[in-house]
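I have placed the structure first, in the form of structure tokens, so that the comments after it can refer back to it.
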Amino acid sequence: MATPQLRNYIDGRWVEAASRETFEDLDPATGEVIATVARSSGPDVDRAVESARRALDAWRLYPAPKRGEILYRAGETMLRRKEELAREMTREMGKVIAEARGDVQEGIDMTYYIAGEGRRQFGDVVPAELPNKWAMSTRSPVGVVAAITPWNFPLAIPTWKIMPALILGNTVVFKPASYTPLLAVRLVEILEEAGLPKGVLNLVLGPGGDLGDHLVSHPGVDLISFTGSSDTGSHIGEIGGRLLKRVSCELGGKNAIVVLDDADVDLALDGIVWSAFGTSGQRCTAASRVIAHKGVAGDLIGKLVGRAKKLRLGSGLEPTTDVGPVVSSSQLERVHSYIPIAEKEGATVAVGGHIPREGALAKGFFHEPTVLVDVKPNMRVAQEEIFGPVTAVIEVSGIDEAIKVLNSTKYGLSCSIYTRNVNNAFRFMRDAETGIVYVNAGTIGAEIQLPFGGMKATGNGHREAGRAALEVYSEWKSIYVDYSGKLQRAQMDNGEGGKTAL
Ligand code: NAD
């Protein structure tokens, strides 16, 4: 079968990159080429932004409930094609098939949820302080949105950005990660089939770098919605800030699970294994730290090592696989580089730590699930995002120290606590410096109807999903209508001491 060619989507047409250059999309479980992909550059971005700008007026004026109908149809198609999309996702970025289905489901949930906003998008109607005057606020679109996404949730994260942007009347230039162009193409095809008018959503494929810089600094882009690493986010924020664009950044994490000495250790263990090794540790909310009370640490570590040893590495399409590959050879090297870093600083590898070099696994980008012990809070493995199947256990003496260690990294995305003590649980909920907190559950598994995002270096104050997403993609407009037929001056003509003459 011929290798599929993935192209850009600009002004309603599927087109080659202006340069005609391509790059390869690889299956991380086998290293096989699954598609060749348009390698875009500045001229492609220019066309995509021009197309989005041209489409803006008509789309902005298209009734929001009708925009919602298009989204509903897209959601229906995703649901119908869920299995096919999940299989393609596993081939393209490696996550095990059950998790790929979850990723698609999250995209469906987000699409349905946001489609309903076509009939809501509530503003306020409030009393005016002067007689015969009307006061209200409404939302209007920001304009052209650059949606820049990572590879770890190749369908869900694009829907978190594209769907709210569209329902509020913005038009979009979508730049997915270069490791997951296939799922990006599928999402655009689905929206095209659902009836999205040409130019409203444009797709530009290719690695970040120059292409990304061109998009972010383009004068025709009003809002940059970025999810990815903190380094890239800070670079984008700098450019966007200088140009006074709205920039929403969802960035890295160094999430921790706290296990107190009154916890149900076996329940905590399930949460740790799932949160540390699910998606091969490549979730922004992955538990890359375990903060264990000394009273339970020995038992917990022993059991965790036993569980990690039993996890089966393999292709995510095999039903027996627990942990798939990481996304690329460079990511594999990056993850693995933390093993000698940890050992040099005095940590011990309790299990894992290797790249399998024999048999079928040697063809793909696999890393053994790894547990590091003897870890101190200031070590690099306890501070830096590894983004692979590696977790570091830090021992503490109680809730105070646990919270201190939890908050000692620059990140603030997700955390969890296992305890049966309600007072400790509430203290933790209050004092954790993270945007997401779990009690007696792992650090992963957010639902789309609540805000998603983090504090500190995890972002710049915005949130995705839930009602919070509407804030990113809309401008507030406050409108006053004076139907008194005379000049009325706010704060001046409403009477002495605030008393209006009746
Ligand atoms: P990345 O920063 O390398 O890339 C993200 C996207 O930015 C890609 O599309 C990439 O091509 C693009 N890009 C790269 N350089 C650019 C530039 N100069 N200008 C514009 N775009 C540019 O991140 P990644 O490796 O794809 O993803 C992993 C990271 O994403 C991890 O740090 C993870 O924690 C984070 N993440 C965060 C969340 C969250 O919601 N907080 C969710 C998922 C992933």
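When you line the sequence shown up against this note's numbering, it's residues 3 to 504, in that order.
Virtual Cβ for every residue (Gly too), placed ideally from N, Cα, C.
Give me, in chain order, the residues of the same chain whose beta-carbon lies closer than 8 Å to that of T38; leave out the 5 immediate sequence neighbours on both sides. T5, P6, Q7, L8, T24, F25, E26, D27
Per DSSP, T140 is paired with what? K479
Whose C-beta lies closer than 6 Å to the C-beta of H216 among residues of the same chain, with five residues either side of it excluded? G44, V47
Cutoff 6 Å; reference S250; Cβ partners in own chain excluding five residues on either side: S227, H464, V474
For a test of the three-state rule: what should DSSP assign to D27, helix, strand or coil? strand
Suppose you measure from the CA of S295 to the CA of A427; what does that come to, to the nearest Å? Checking the sequence, you will find His at residue 295 rather than Ser. Computed Cα separation, rounded: 15 Å.
Please indicate yes or no: does the CB of L262 lie closer than 7 Å to some heavy atom of the ligand NAD? no
Can you check the segment 335-394 for any alpha helix (DSSP H) of at least 4 residues that lies completely inside it and give the ranges in chain order? 382-385
Closer than 7 Å: is that where the CB of G414 sits relative to any heavy atom of the ligand NAD? no
If you pair each beta-carbon of the segment 130-139 with each one of the segment 163-179, do three or more pairs fall below 8 Å? no
For R103 and M80, I'd like the C-alpha separation in whole angstroms. 11 Å
Tell me whether N172 is buried or exposed, calling it buried when 16 or more other Cβ atoms sit within 10 Å of its Cβ. buried
So which of S317, M112, A19, I274 has the shortest CA-CA distance to T372? I274
K177: beta carbon under 7 Å from a heavy atom of the ligand NAD? yes
Decide if F124 is buried, meaning its Cβ has at least 16 other Cβ atoms within 10 Å, or exposed. exposed
Out of curiosity, what's the CA-to-CA distance linking F367 and K200? 39 Å
Any heavy atom of the ligand NAD closer than 7 Å to the Cβ of N154? yes
Residue range of the beta strand (DSSP E) that V223 falls in? No beta strand (DSSP E) holds V223; DSSP gives it neither H nor E.
Quick check on DSSP: helix, strand or coil for N409? coil
Can you name the residues that DSSP bridges to N496? Note: N496 sits in no beta bridge, so no partner.
Please determine whether the Cβ atom of F1 lies at a distance below 7 Å from any heavy atom of the ligand NAD. What is shown of the chain runs 3 to 504, which leaves residue 1 out entirely.
In this structure, how does DSSP classify C128 when only helix, strand and coil are distinguished? A quick correction: the sequence has Val, not Cys, at residue 128. Strand.
Taking 7 Å as the cut-off, is the C-beta of H369 nearer than that to any heavy atom in the ligand NAD? no
Might you give, ordered along the chain, the residues of its own chain that have their beta carbon closer than 8 Å to the beta carbon of L245, omitting 5 neighbours on each side? S219, P221
Would A310 pass as a contact of V377 if the rule is Cβ separation under 8 Å? no
Closer than 7 Å: P209 CB and nearest the ligand NAD heavy atom: yes
Helix, strand or coil: how does DSSP classify D268 here? helix
Backbone secondary structure at F155 - three-state DSSP: coil
I303 CB to nearest heavy atom of the ligand NAD below 7 Å: no
Cβ distance (whole Å) where I72 is taken to contact L198 below 8 Å: 6 Å
Beta bridge counterpart(s) of C417 as assigned by DSSP: A258, V439
Would T460 be called buried (16 or more neighbouring beta carbons within 10 Å of its own) or exposed? buried
To which residues of the same chain is G455 closer than 7 Å at the C-beta, ignoring the five residues directly before and after it? E252, G437, G461, H464, R465, E466
Can you tell me whether DSSP reads K312 as helix, strand or coil? helix
Taking 8 Å as the cut-off, decide whether the C-beta atoms of N496 and E131 are in contact. yes
From the DSSP output, in three-state form, read off T161 for me. helix
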